[in-house]
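> Position 43 of the sequence shown, counted from 1, bears residue number 43 in full-length UniProt numbering, the numbering being contiguous throughout.
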Amino acid sequence: MERTFVMVKPDGVQRGLVGEIIARLERKGLKLVGLKMLQVSEELARRHYAVHEGKPFFPGLIRFITSAPVVAMVWEGREAVAVVRNLLGPTDGAKAAPGTIRGDLANDIGFNLVHGSDSPESARQEIALWFRQDELLDWENHREAWLYDRG
Ligand code: GDP
Ligand code: MG
């Protein structure tokens, strides 16, 4: 099983979409293994988005992410990184297909509600950046017996 880092961004919290976003990930069958609400510091924002440093949208992105609380989560499941990225849809909400979280609920390239790790390697880095080991729970989800055909 794979783990991925997901964050409901300030626009998602402000718009009251935390429950909707969590519900969509739960319904897909992903397992929640860590969750916390926090006001992101400038330092954490810069580290999380370090790959985008120098791009024109970077200062605005840091201002956005630190502007109001976020909900940070770790979700687990088969191919969780790719599965979450598919559920989110592409970055620009105006272009994302209906059926995706961004396609259904966002209409902007910056204010796009939610972050999901883009590879297993960045998932590992982001989980380590946002969560301590003892904040992540290893628990048995009995629903998985009916979710995955393990032959
Ligand atoms: P993601 O992996 O789909 O979240 O997209 P990226 O990693 O490319 O960008 C990180 C975040 O920066 C996006 O989710 C947006 O919030 C923001 N962003 C990316 N590209 C743009 C842009 O062209 N303009 C603005 N305003 N924000 C952007
Ligand atoms: Mg990204």
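Glycine is no exception: its CB is placed at the ideal position from the N, C-alpha and C atoms. Keep in mind it's a predicted model, so treat the numbers as computed, not measured.
Run the proximity test for G110: is its beta-carbon closer than 6 Å to any non-hydrogen atom belonging to ligand 4?
The model depicted lacks ligand 4 and carries ligand 1 and ligand 2 instead.
> Report the CB separation of K31 from E76 in whole angstroms; it is logged as a contact under 8 Å.
Yes, K31 and E76 are in contact; Cβ-Cβ is about 5 Å, under 8 Å.
> Mapping DSSP to helix, strand and coil, what is P98?
It is a strand residue.
> Are F5 and S117 close, meaning C-beta to C-beta below 7 Å?
Yes, the Cβ-Cβ distance between F5 and S117 is below 7 Å.
> Name the DSSP bridge partner or partners of R3?
R3 pairs with E76.
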